Each structure stands twice: as C-alpha cells, then as structure tokens.
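To start, the structure itself, in structure tokens.
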Amino acid sequence: MHRSRLAQWVVDCRQANPDPIELDQAARFWAAALGRDWRRLPDPADAHYRQLDMPDGQPGILLQAVRHPSRAHLDIESTDVDAEVRRLESLGARRVAQVRNWWVMQAPTGHRFCVLRPQRDDLLQEGHAWP
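Taken in order, the sequence shown gives residues 17 to 147; the numbers are from the numbering used here.
Structure below.
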C-alpha cells in the first residue's frame, strides 16, 4: 500500500535566459496576487525555483524558470514514487523523463505532471491510500 495526493501547483515561467531577477519578478506578482510571501529555495541546485509560503494543509505553489512556453502543471506526492507511477500508467499515463528522484509524466489528455516524494509532513494521515 502507498499513499498519494496533490502536492503543489507549479507555475512554469518561460525565460529566455536563466535570469534570477526575472523569476523574482514573477514570484512577486504571484505572491501579491495570492496574498502570500515568497522565498528562494536554499539549495543552489534549485536556483530556478521560487516557493510561495502557503498555509498548512494547502497545496504548495512553486514557480519554475523554464524554456518551454509558460503554463502550469501539478505535482503528485507519494510515499512510493515507483508504485504511484505504475498506478498512473495503468490509468493511461506515460513516463516522459526521470529528473533527480521524481518522474515527469504525461496524462492521456496530453497534460504533463510530476510524481515526487512527500513534500508535506501530513501525507501519511491525509493522502489517499492505494492497495
């Protein structure tokens, strides 16, 4: 058995160059629009992300600098990434690419999404249990 749920919405922000100032501007906009604070992630490998500070119990909102057109996608967190990927494949999704320790997937509708390790502490209590 494993558990999974919506972890966060990711706002993909198209940038021609990896300019942190441009991503900071996007973070300022979304933070003001949603009445939240924002922050840079501490790991230098995550310099192309900005995180909005969301209340406990709500999915996160992450901004990501990308080279493809701007869009939004969702992330599914799971206690067992491989089991969740297999479950989603049985529903018609397909694997696109593995990035670090998560999978980029594509739904039968063509929408991209990610399956990742737990992002919030209450996944064991609040996530959906799958056999």
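Backbone N, C-alpha and C fix where the C-beta goes; we use that ideal spot for every residue, glycine too. Quick caveat, the model's predicted, so the values are computed rather than measured.
Residues near residue i by beta carbon distance below 7 Å, same chain, minus five either side
i	result
L22	P75, L90 and I92
R116	none
Q135	A23, Q24, G76 and E93
A81	C29, Q31, P34, L39 and H64
R57	According to the sequence shown, residue 57 is Leu rather than Arg. Within the same chain, L57 has close Cβ partners Y65 and Q67.
E100	H18, S20, I92, S94 and V131
Proximal residues to residue i (C-beta, below 8 Å), its chain only, five neighbours per side dropped
i	result
L68	A43, W46, A47, L50, R52, D53, W54, G76, I77, L78 and L79
M17	A145, W146 and P147
R110	M121 and Q122
G143	R19, S20, R21, E93, S94 and T95
M70	R52, G76 and I77
A126	Before going further, note that residue 126 is Gly rather than Ala in the sequence given. Around G126: no qualifying Cβ.
Secondary structure of residue i, DSSP reduced to three states
i	result
R83	coil
L50	helix
Q74	coil
L39	helix
Host alpha helix (DSSP H) of residue i (start-end)
i	result
Q31	Looking at the DSSP string, Q31 is not in any alpha helix (DSSP H), and its letter there is neither H nor E.
Other residues of its chain near residue i: CB distance less than 6 Å, five sequence neighbours each side excluded
i	result
T95	H18 and R19
C130	D91, W118 and V120
Where the beta strand (DSSP E) through residue i begins and ends
i	result
L68	Y65 to L68
A61	Unbroken run through A61: none, as it is neither H nor E.
Margin query: Could you tell me which whole alpha helix (DSSP H) segments of length 4 or greater appear in the stretch 85–142?
Written below: 97–106 and 139–142
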